[in-house]
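Taking the working numbering, the leading residue of the sequence shown gets 212, the next gets one more, and so forth.
Using N, Cα and C, we set each Cβ at its ideal position, and we do this for glycine too.
First the structure, in the form of structure tokens, and then the observations on it.
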Amino acid sequence: MGGSKPIVEGGIVIDLTRMNRIVELNEDVGNVVVECGITWGELIEFLHKRGYTTGVEGPGSGMSATIGGGLSNNTIGFGSTKYGPCSENCIGVEVVLPNPDGDVIVTGSGASQYVKRPFSRWGMGPDFTGLFLGDVGTMGIKTKAVLKIYPLPEYREGFTFTVPEDYEFVVKVTHALQRRCSWGVSDITLTPSAVVMLYSLTDVIKPWKDMLLMKPVMMVGIEADDERMFELASDIVHEEFAKPGVTELGPTLKEGNIAEWVGRKQGQWQYFHGVFGVLPGHFSCTTCHKVPLNQMPEVFRTSDEHTLQKLEEYSRAYVASVTAAVVYMMPRGECVIVGGMSGWNKPEMRETNLKLWKERLRFQVKYGGVHYWLGEVISQAIMEANAFPPKFTKFFKDVKRTLDPNFLLSPGKFHFYSAEEE
212 MGGSKPIVEG GIVIDLTRMN RIVELNEDVG NVVVECGITW GELIEFLHKR
262 GYTTGVEGPG SGMSATIGGG LSNNTIGFGS TKYGPCSENC IGVEVVLPNP
312 DGDVIVTGSG ASQYVKRPFS RWGMGPDFTG LFLGDVGTMG IKTKAVLKIY
362 PLPEYREGFT FTVPEDYEFV VKVTHALQRR CSWGVSDITL TPSAVVMLYS
412 LTDVIKPWKD MLLMKPVMMV GIEADDERMF ELASDIVHEE FAKPGVTELG
462 PTLKEGNIAE WVGRKQGQWQ YFHGVFGVLP GHFSCTTCHK VPLNQMPEVF
512 RTSDEHTLQK LEEYSRAYVA SVTAAVVYMM PRGECVIVGG MSGWNKPEMR
562 ETNLKLWKER LRFQVKYGGV HYWLGEVISQ AIMEANAFPP KFTKFFKDVK
612 RTLDPNFLLS PGKFHFYSAE EE
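If you want it as structure tokens, here you go:
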């Protein structure tokens, strides 16, 4: 996707992975200060040993993905149903600005010379932290971040259900769980039937292969510090799933309860690996994006229609397309559709793959999809779809010009190549 490679000739890559220290654990104000090159896996291991968590514990590649990368992409992960994307749990950053002086600034409450330890993102003016979250490295180089921490819940469990082939059911049960138990439900995901069948025919998820699962699967994670509250959360989940056509798998992993592994045994950093390079000689062209939860059934319908319209073209190019490998439910009535295409990894197919990939992305932008992994291809597709009115595009570029007058950082993303070029 071009997230960390030079897009134009003559570029360089700055590797921050040796900036991997945990600078300060501030238990009394509930945050941890880290250098942005540390991986989510390293940080979570450190925090768990001390009884804490970051809530959302990083993306599916968290064993190698860094804190800085997660913040740059506004990534989601397991825990996001309750805690939101990782950027919502960031209260400040230290950033090197790409201006002629290379100024280093701190955002949030840490911007004040009188604040000894950062404790708040809001106040003292606009939310300047937000400029550097989801910016995919275009506005500055993040060197430190301050993340909220939460007590690690004493009780945690995951449940797995096969459900009807009915997206309206998924919407209703998600709304019900978030209305009744937002305090206890940490994760809600949907794996569509087509992907379940793929997993059942391969070794990606062996228990499902042994069971030959063919129906959509929903996973739910719950957590609580009090045993009575934990039991109440479990009761609410099982009440909402006590519907015709629903079957619970488990309770063990061997019996198909993949949620117990994904959310509770660090499977959250391995679960997505199965969807990368599913077909031999292919690579993944991801199209992950957010939509309102109520829009999800319509998104699947129109996406399936789009795939059928492009089927002959996809077949000629040996491209496989899936609307969603998994749908991740978020707070406040939104969901993340984690899907994409599988392109044939041959030099002569590059232009065809790129054309089909961008067509898919522009199609999603135009039905209201909001992409957040914004490397070269996806950021450019957003601009090509005319997502932004001219005045917003000018505002966006003016902000970029103010922080990065020579457009040194990530030239080419969003089709921004220089301060002058339109």
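Contact check, residue i vs residue j, beta carbons under 8 Å
i      : j      : result
Gly241 : Lys359 : yes
Ala435 : Pro364 : yes
Gly252 : Met230 : no
Thr373 : Leu424 : yes
Phe343 : Met335 : no
His493 : Asn556 : yes
Val244 : Glu235 : yes
Ile447 : Cys392 : yes
Val306 : Ile352 : yes
Met178 : Val538 : In this structure the chain extends from 212 to 633, so residue 178 is not present and cannot be described.
Gly348 : Leu619 : no
Gly262 : Pro403 : no
Ala470 : Phe599 : no
Leu567 : Val530 : yes
Tyr366 : Glu438 : yes
Ala635 : Val406 : As displayed, the chain neither begins before 212 nor continues past 633, which places residue 635 out of reach and without an answer.
Rounded straight-line distance, which links the Cα of residue j to that of residue i
i      : j      : result
Pro427 : Thr498 : 20 Å
Ala356 : Glu246 : 6 Å
Pro311 : Val431 : 50 Å
Met408 : Leu388 : 27 Å
Thr534 : Thr400 : 15 Å
Ser397 : Tyr294 : 7 Å
Leu288 : Gly222 : Per the sequence shown, residue 288 should be read as Gly rather than Leu. Going from the Cα of Gly288 to the Cα of Gly222 covers about 31 Å.
Pro203 : Ile316 : Nothing can be reported for residue 203, as the shown portion of the chain is limited to 212 through 633.
Trp584 : Gln481 : 19 Å
Gln520 : Pro601 : 31 Å
Trp419 : Tyr410 : 7 Å
Phe606 : Ser532 : 35 Å
Ser445 : Leu572 : 38 Å
Gly478 : Glu376 : 26 Å
Glu516 : Ser526 : 16 Å
Glu459 : Thr286 : 29 Å
Arg332 : Gly321 : 9 Å
Asn468 : Glu368 : 10 Å
Thr604 : Phe627 : 10 Å
Ile589 : Gln575 : 11 Å
Thr292 : Met540 : 6 Å
Val547 : Gln591 : 20 Å
Ala276 : Ile225 : 15 Å
Phe380 : Leu504 : 12 Å
Val457 : Thr613 : 55 Å
Met212 : Gly345 : For Met212, the pLDDT reaches just 49, beneath the cut-off of 50, and the residue's location in the model is therefore unreliable, although a value from the coordinates is still provided. Distance between the alpha carbons of Met212 and Gly345 is about 15 Å.
Pro622 : His386 : 41 Å
Ser272 : Gly461 : 26 Å
Thr354 : Asp239 : 24 Å
Gly395 : His449 : 13 Å
Thr228 : Phe330 : 26 Å
Val473 : Ser629 : 44 Å
Lys465 : Thr413 : 16 Å
Glu509 : Gly290 : 26 Å
Gly544 : Arg390 : 10 Å
Ile218 : Tyr378 : 39 Å
Endpoints, alpha helix (DSSP H) assigned at residue i
i      : result
Phe574 : Arg561 to Lys577
Thr402 : Segment Val396 to Thr402 is the beta strand (DSSP E) holding Thr402; no alpha helix (DSSP H) there.
Phe441 : Glu438 to Glu451
Phe494 : Unbroken run through Phe494 is the beta strand (DSSP E), His493 to Thr497; no alpha helix (DSSP H).
Gly345 : Element bounds for Gly345: n/a, residue is neither H nor E.
Cβ-Cβ separation, residue j to residue i (assumed contact under 8 Å), whole Å
i      : j      : result
Glu587 : Lys624 : 6 Å
Leu254 : Thr265 : 7 Å
Gly319 : Thr340 : 5 Å
Pro635 : Asp615 : Absent from the model: residue 635. The displayed extent of the chain is 212 to 633, so no value can be given.
Val384 : Phe452 : 7 Å
Cys297 : Gly279 : So it is not a contact: roughly 11 Å between Cβ atoms.
Bounding residues of the beta strand (DSSP E) (the contiguous stretch that carries residue i)
i      : result
Leu358 : Ile352 to Lys359
Ile278 : Per DSSP, Ile278 belongs to no beta strand (DSSP E); it is in the alpha helix (DSSP H), Ile278 to Ser283.
Lys293 : That residue, Lys293, is in no beta strand (DSSP E); its alpha helix (DSSP H) goes Ser291 to Tyr294.
Val537 : Ala531 to Met540
Ser553 : Glu545 to Trp555
Ile255 : Per DSSP, Ile255 belongs to no beta strand (DSSP E); it is in the alpha helix (DSSP H), Trp251 to Lys260.
Discussion item. Within 8 Å, do at least three Cβ pairs link the region 550-566 to the region 301-309?
Written reply: no
Item to complete: Tell me, please, whether the region 521-529 touches the region 576-583 by the rule of three or more beta-carbon pairs shorter than 8 Å.
Response: no
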